[in-house]
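Each step along the sequence shown adds one to the number in numbering that gives the first Met the number 0, with nothing skipped, and position 24 is 23.
To start, the structure under review is shown below, and the notes come after it.
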Amino acid sequence: MPKLTERDRLAELVDRQRRTTEEVEKARGALRAKYLDQLRDLPVEMLSERELREIVTQGIRVGGAVAVTALKALPGVKS
Numbered sequence: 000m001p002k003l004t005e006r007d008r009l010a011e012l013v014d015r016q017r018r019t020t021e022e023v024e025k026a027r028g029a030l031r032a033k034y035l036d037q038l039r040d041l042p043v044e045m046l047s048e049r050e051l052r053e054i055v056t057q058g059i060r061v062g063g064a065v066a067v068t069a070l071k072a073l074p075g076v077k078s
């Protein structure tokens with residue numbers, strides 16, 4: 000097999016990068032769909048869209064474990 004030129008090598012790397020990006024997006028979509036399915040079982044109608052978005056956004060921002068600990072520490076919350 001002949002040695003690839005720099006141009007051919009670059010084209011191959013670009014193609015590999017594109018495929019990897021597509022694979023990442025596919026995996027991200029599958030994970031988000033899985034999490035969405037879990038939300039379907041929760042009574043989210045008790046929250047406004049804004050409240051739900053804010054809770055999820057802040058939970059992602061601080062990290063899941065920190066968010067769960069903080070929420071469980073609130074009065075009236077049962078473990």
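Don't be surprised by glycine CBs; every beta carbon is placed ideally from N, CA and C.
DSSP, reduced to helix, strand and coil, places A66 within a helical segment of the structure shown. Residues A66 of the same chain have their beta carbon placed closer than 8 Å to that of Q57, with the five preceding and five following residues left out of the count. Rounded to the nearest angstrom, the Cβ distance from L51 to V43 is 6 Å, consistent with a contact under 8 Å.
The straight-line gap separating the alpha-carbon atoms of E22 and E48 is approximately 31 Å.
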